[in-house]
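**Student:** Structure below; questions to follow.
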Amino acid sequence: MTVHEKLSMGQALNRALRDAMAADPSVVVFGEDVGPLGGVFRITDGLTAEFGEDRCFDTPLAESGIVGVAVGMAMNGMRPVVEMQFDAFAYPAFEQIVSHVAKMRNRTRGKVSLPMVIRVPYAGGIGGVEHHCDSSEAYYAHTPGLHVVAPATPSDAYDLLREAIASPDPVVFLEPKKLYWSKEEVELSGRPRASAIGRAVVRREGTDATLIAYGPSVPVALEAAEVADREGRSLQVVDLRSIVPFDDETVCAAVRSTGRAVVVAEASGFASVSSEIAARVTERCFHSLAAPIRRVTGYDIPYPPPKLEHIHLPNVERVLEAVDDLQWEDS
Amino acid sequence: MTLIGVDGRAVRDALPDDAALMRALQGLITARRLNEQAYALVRQGRLAVYPSSHGQEACQVAAAQVLDDGDWLFPTYRDTAAIAERGVDPVEALSLLKGDWHCGYDPYEHKVAPHTTPLATQLPHAVGVAHAARLKGEPTVVMALCGDGGTSEGDFHEALNFAAVLKAPVVFFLQNNEYAISVPLSRQTAAPSLAHKGIGYGIKGERVDGNDVAAVLAVLKDAVDRARAGEGPQLVEAHTYRMQAHTNADDATRYRTDDEVAAWVDRDPIVRLEKHLRDRDLLTDSLLSEMREAAEKKAASMRDGINRDIAPNPSDLFAYVYATPTTQLQEQGAQA
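For the record, the sequence lines run as chains E and G.
Just so we're aligned, residue 3 is where the first sequence starts under the numbering used here, counting upward by one.
Just so we're aligned, residue 7 is where the second sequence starts under the numbering used here, counting upward by one.
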C-alpha cells in the first residue's frame with residue numbers, strides 16, 4: 003500500500019532501513035553507536051528494539067574492522083549496511099574499501115559479489131569541527147567497482163537507500179548532513195521503486211543555463227535558480243543523485259538544451275567530481291556550448307573551522323557570479 | 007608444543023591416529039613437490055613470481071586437513087599449498103601468479119577465499135564469514151591464516167578484537183616463519199610470542215612446533231573443535247621457518263646466514279614424520295614411492311596446466327567490475 007508522509011531526510015533513511023530489514027532477513031545493520039542510541043544522527047533509531055541485536059548491533063570502534071567484517075558477511079549470504087560515523091572517520095576503512103569492497107567481484111570474475119552499503123554522513127554546513135565535514139566523494143568515485151550516490155531530498159534518500167541495499171554491488175551512500183533535517187512529503191511504496199541509481203533528474207526546468215549539482219549543493223543550486231528567475235534569467239537545475247554510475251545522457255541532454263553550464267559542489271575543485279563532470283560534458287557537448295563550463299566548488303584548502311566555513315561553501319552569490327561569467331555578450 | 011621430535015620419536019602421547027599421520031605425510035610430500043614445481047616454473051618464466059611455503063608444509067597441510075567441508079579457509083599469498091590441499095586445482099590457484107586473472111578459482115566451490123596480498127586484510131573478512139554463519143545457525147568454522155609480519159597490521163588487531171566481541175568461530179593461525187621479507191621477528195614485535203597477542207583481546211593463544219605436523223594437527227583440531235563448540239575465536243602460533251627467500255625475486259643472503267638456514271634443514275617436517283612412521287613400521291618403501299608418485303602426478307598436471315597458454319579475453323576486463331556494466335564501461339570495452 004502506498005502512503006504519503008511528511009518526513010525529514012533522516013526519518014526517510016530510517017524508514018528505508020526499517021522497510022528493507024522487514025522485507026529481507028539477510029539485511030543487517032552495524033557500526034558505532036547504531037544500536038540502542040540509534041546512531042549519532044539517529045538514522046538507525048529503533049532498529050535494535052524492533053529487529054533484535056543480531057540484526058542491528060554496535061561494534062568495536064574500528065572502521066576498517068567494520069567494513070572488513072561486512073565484506074565477510076556479504077560473502078556469506080548477508081546484506082550488511084554499515085555506518086561510518088562521519089566522513090573523515092571513514093578513512094581507516096579506506097584500504098578495505100579500495101582493495102576489497104571495490105575489487106572482490108572483478109577479482110573473482112563475478113563469483114563473489116558484495117551486496118553491501120557503506121553509509122557515510124558527509125559534507126559540511128552544520129558548523130562541525132575538524133574531521134566532521136569532509137566531502138570525500140572523489141576518493142570513492144575514483145575507485146572502479148563502487149557505486150557512489152548522494153541524495154538531495156527525503157524521497158530520493160528513501161528510494162536510493164532501498165535500491166542500494168537491494169543492489170548486488172557495493173554502494174557508498176553519502177548522506178548530506180546538513181539536509182538530515184530538511185522535510186518533504188515522501189511517497190512510501192513499501193518496496194523499491196524505479197531505479198534512481200545511475201539516473202540524474204532535472205529538478206527545475208530552465209532555458210538559459212544548466213546548474214549541475216548533487217547532494218548538499220542541490221538546494222544551493224535551486225535557490226540560485228530562484229533568485230536568477232527574479233532577475234530575468236532562466237536556470238535549469240540537474241540533480242545527479244548518482245555520481246557512479248554517472249548519467250551522461252540526462253546531463254548532456256540538459257546542457258545541450260541550454261548551451262551553458264555551471265557545476266556546483268562543496269568538495270575542493272582540484273581533481274574532483276566537478277572537474278570530471280566539466281571534462282566529460284565538454285567532450286560530449288562541445289559544439290552545443292556557448293561558453294566554457296564553470297565550476298563553483300570548495301576551495302583547495304582543508305575544510306575550514308566552523309566560523310569560516312561560509313567562505314568555503316558554494317553559495318547563491320558565487321553561483322550567480324559564475325552564471326554571469328558565461329559569455330552572454332557573445333550570444 | 008611438540009609431539010614428534012626431530013629424531014622422529016614421539017615425545018608425548020596423544021598423537022593423531024595412524025591414518026591421520028599417513029594422510030598428513032601424503033599431504034606433506036605433495037605440498038613439497040608443488041612448491042618445488044612452482045619454483046621451477048618461475049625460473050622457466052611461466053609464473054611471474056612464487057612465494058614458497060617450502061619448509062612450512064606442516065602448517066599448510068594441517069590447516070586444510072583439520073577443516074570440514076562446510077568450513078572456510080582464508081589464505082595469504084604464501085598459502086598456495088594449503089589451498090591445493092583443500093582441493094582447489096593448483097593451476098587455478100596459481101592463476102594470480104601466472105597472470106591470467108587475479109583469482110582463478112570459485113571461492114565457493116571449496117570454501118577458500120581468494121589469496122590475499124595486502125597483509126592481514128583478509129582477517130576481518132574471515133570474522134564476517136564466521137559471524138554470518140553463526141547468525142544463520144550454521145556450524146561453520148573459519149581458518150584464517152596470517153604470517154608474523156601481518157601481526158603488525160591494524161587489521162590483525164581489529165579482526166581479533168571483533169572476533170572476540172562477536173564470539174565468532176574463527177581460528178587465527180599464525181605461521182611465524184621468522185621473517186617478513188627481510189625483517190626478523192625481533193624487529194616486528196617486542197611481545198614474548200605472537201600467541202601472547204591474544205591476551206589483550208581475551209583470546210587464548212597456543213604455541214606449536216610448526217615443523218611437527220602431528221602437533222600442528224592436534225593443536226589446530228582442538229582449536230577448531232573449541233570454535234565450533236561456541237567457545238569463540240582461537241589463536242595458534244606455529245613456529246616454523248621459510249627455507250627459501252621471500253620470493254625468487256628476493257636475495258635472502260643479504261639478511262640471514264647459511265648456518266641459520268642449515269640448522270632448520272635438520273628440523274624438516276617431512277624427514278621427521280617419515281622417520282617416525284618408519285620406526286613404527288607404518289611406512290614402507292613401497293608406500294612411500296606410491297605417495298611420491300601421487301605427488302609427481304599432481305606436479306605434472308600442474309606443470310601441464312601452467313604451460314598451457316590460454317589467451318585471456320580483454321572483454322573480461324570490463325565484464326565483472328559491476329553486476330551490470332555501466333554505460334561508460336560498455337563504451338570503453340567496445341573501444342579496447
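Just so you know, even glycine gets a beta-carbon here, dropped at the ideal spot from N, CA and C.
Small disclaimer: the values here were computed from a predicted structure and weren't measured.
#1: Would you say Q98(E) faces chain G, with C-beta separation under 9 angstroms as the test?
#2: Going straight from the alpha carbon of E189(E) to that of A69(G), what length do you get?
#3: Quick check on DSSP: helix, strand or coil for A64(G)?
#4: I'd like to know if S259(E) contacts chain G, where contact means its C-beta is closer than 9 angstroms to some C-beta of that chain.
#5: Within 9 angstroms of any Cβ in chain E, is that where the Cβ of H116(G) sits?
#6: Please name the residue in Y207(G), P175(G), A88(G) and C152(G) whose C-alpha comes closest to that of H137(G).
#7: Is S66(E) close to chain G? Criterion is C-beta to C-beta, closer than 9 angstroms.
#8: Taking buried to mean at least 16 other C-beta atoms within 10 Å of its own C-beta, is Y301(E) buried or exposed?
#9: With a threshold of 8 angstroms, are at least 3 pairs of Cβ atoms found where one atom belongs to the region 141 to 149 of chain G and the other to the region 135 to 146 of chain E?
#10: Between H133(E), M118(E), L162(E) and I303(E), which has its C-alpha nearest R81(E)'s C-alpha?
#11: Mind listing which residues of the region 243 to 258 of chain E have their C-beta closer than 8 angstroms to chain G's C-betas, in chain order?
#12: Starting from the beta carbon of D171(E), find every residue of chain G whose beta carbon is closer than 7 angstroms, and list them in chain order.
#13: Since A139(G) meets chain E, which of its residues come closer than 7 angstroms, beta carbon to beta carbon?
#14: Just how far apart, CA to CA, sit L310(E) and E228(E)?
#15: Under a CB-based cut-off of 9 angstroms, is T82(G) close to chain E?
#16: Just to make sure I have the definition right: I need the residues of chain G whose C-beta is within less than 8 angstroms of the C-beta of D56(E). Which are they?
#17: I'd like to check one pair, H116(G) with F80(G): are the Cβ atoms closer than 9 angstroms?
#18: Assuming A233(G) contacts V177(G) (C-beta within less than 8 angstroms), just tell me the rounded distance between them.
#19: Can you grab the Cα-Cα spacing for the pair S3(G) / G206(G), in whole Å?
#20: Give, in chain order, every residue of the region 185 to 218 of chain G whose Cβ lies closer than 7 angstroms to some Cβ of chain E.
#21: With distances taken from CA atoms, which of Y114(G), F324(G) and P57(G) is nearest G339(G)?
#22: Give every residue of the same chain whose Cβ lies closer than 7 angstroms to the Cβ of G33(G), excluding the five residues on either side of it in the sequence, and list them in chain order.
#23: Output the boundary residues of the beta strand (DSSP E) element that contains V122(E).
#24: Let's test the definition: count the other Cβ atoms within 10 Å of the Cβ of D241(E) and tell me whether it reaches 16, buried, or not, exposed.
#25: Among K303(G), P120(G) and D215(G), which has the Cα closest to the Cα of V73(E)?
#26: Taking DSSP as the reference, what is the three-state secondary structure of M80(E)?
#27: Would Y216(E) pass as a contact of V275(E) if the rule is Cβ separation under 9 angstroms?
#28: Does any residue of chain E bring its CB to less than 9 angstroms from the CB of A54(G)?
#29: Over what stretch of residues does the alpha helix (DSSP H) that includes N182(G) continue unbroken?
#30: Do V147(G) and M308(G) have their C-beta atoms within less than 9 angstroms of each other?
#31: By the 9 angstroms beta-carbon criterion, what residues does the region 132 to 146 of chain E contribute toward chain G?
#32: In terms of alpha-carbon separation, which member of L200(G), T253(G), A165(G) and I187(G) lies closest to L180(G)?
#33: I think T212(E) touches R282(E), with their Cβ atoms under 8 angstroms apart; what is that distance to the nearest whole Å?
#34: Below 7 angstroms on C-beta distance, what does C109(G) contact in chain E?
#35: Any idea which residues DSSP pairs Y185(G) with across the strands?
#36: Taking only beta-carbon positions, decide if F178(G) is within less than 9 angstroms of chain E.
**Tutor:** According to the structure data:
#1: yes
#2: 53 angstroms
#3: helix
#4: Chain G places no beta carbon closer than 9 angstroms to that of S259(E), leaving this residue out of the contacts.
#5: no
#6: P175(G)
#7: yes
#8: Classification for Y301(E): exposed.
#9: Contact between the region 141 to 149 of chain G and the region 135 to 146 of chain E is absent: fewer than three C-beta pairs spanning the two stretches fall below 8 angstroms.
#10: M118(E)
#11: Residues passing the 8 angstroms Cβ filter: V246, P247, F248, D250 and E251.
#12: Y328 and A329
#13: N78, listed in chain order.
#14: 26 angstroms
#15: Residue-level contact by beta carbon fails for T82(G) and chain E, as no gap is shorter than 9 angstroms.
#16: L141
#17: no
#18: 6 angstroms between Cβ atoms; contact.
#19: The question about residue 3(G) has no answer, for chain G in this structure spans 7 to 342.
#20: Hits within the stretch: zero.
#21: F324(G)
#22: V67, Q71 and E91
#23: V122(E): member of the beta strand (DSSP E) spanning V119 to Y124, first to last residue.
#24: buried
#25: P120(G)
#26: Coil at M80(E), not helix or strand.
#27: yes
#28: no
#29: Looking at the DSSP string, N182(G) is not in any alpha helix (DSSP H); the run it does join, the beta strand (DSSP E), is V176 to N182.
#30: no
#31: The region 132 to 146 of chain E vs chain G, Cβ under 9 angstroms: P146.
#32: L200(G)
#33: That belief does not hold up - the Cβ atoms of T212(E) and R282(E) are roughly 14 angstroms apart, past 8 angstroms.
#34: R109 and T110
#35: P190(G)
#36: no
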